[in-house]
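What follows is a set of notes on a single structure, which appears directly below.
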Amino acid sequence: MKSFYKRLITTVVVLLLLGLVIYDMNHIYRFAIFLFASLASYEVLHMMTDSRKKLTCILAIMLNLILYINIYTSFMPNMHIFVLMLILFSIISVLDKEFSSRSFISLIFTTCFIIMPFTMFYDIADRSKLILVFLISTSSDIFAYVFGSLFGKHKLIERISPNKTIEGSVGSYITSLAITYLYISYFNLKSNPYYIIGLILAPIVAQFGDLIFSKLKRYYNIKDYGYIFPGHGGIMDRFDSILLVCPFVIICFF
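Put into structure tokens, the structure is as follows:
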């Protein structure tokens, strides 16, 4: 019961902060992206790297900072920044004898699968579309738990996530699909011809995002990515599916 109340309090606080971020959609919103991207990068690199942990984290946060500053200065396209930083990472990995191949690959992974998706949030200037990203991910997560708890009998992929069930996955997909359809209909987000593809596949993408990052946790034998959210874990424990849903929503609904 104590754990439940801890999770509940954390959820309320996070929702209030999220509401503030969505209400602003300007400076607070942009800084929140930078902050979350930096914390998520730290969590993943701290888990994956076997050498030069501090250096890899500094490099990742430096990249996040450059991208954040670039929003206000527009001195270079983001893709150019990514390419230049990847070249820099490669040079450092060659010159630094203690910089292992595993740490280098971890840095590349973090850049491509953590930092780049977070950067895409900078392109979302519409509240309704930002809420859509969180709605798809959150509804998928919540109803997978609800249907799994009520009807779950058959394991989905036990070696990756032993608590997830086929019944929970199917119930989550149908419910998330219905909620997403009602939302995009109400806010008229059907202008992109790919919206049908987005509608059908977005709940699946959300579930795969959860499974991919759950597999990483299993591989590295950790329970949570971090401890910033009491009862919930770290940034990546909350943003695992969101990071895959965000680029997908941008492609299909923008």
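Throughout, our numbering is defined as the position within the sequence shown, counted from one, plus 1.
Cβ atoms here follow ideal geometry from the backbone N, Cα and C, with glycine treated the same way.
Asked: Distance, S75 Cα to L68 Cα; Found: 9 Å
Asked: Closer than 8 Å: L157 CB and nearest the ligand ATP heavy atom; Found: With respect to small molecules bound, the structure shown includes none, and the ligand ATP cannot be examined in it.
Asked: Residue nearest to S162 in terms of C-alpha spacing, selected from P118, L212, L19; Found: L212
Asked: Per-residue DSSP class, three states only, for G234; Found: strand
Asked: Minimum length 4: unbroken alpha helix (DSSP H) runs contained in the segment 84-169; Found: 102-111, 117-121, 128-152
Asked: K216: first and last residue of the uninterrupted alpha helix (DSSP H) it sits in; Found: 196-220
Asked: Residue range of the unbroken alpha helix (DSSP H) whose run includes N65; Found: 54-74
Asked: Within 9 Å, strictly: CB atoms of K224 and K216; Found: no
Asked: The segment 143-160 touching the segment 112-128, judged by at least three CB pairs closer than 8 Å; Found: no
Asked: Contacting residues, own chain, Cβ-Cβ under 6 Å from F90 (five flanking each side not counted); Found: L108
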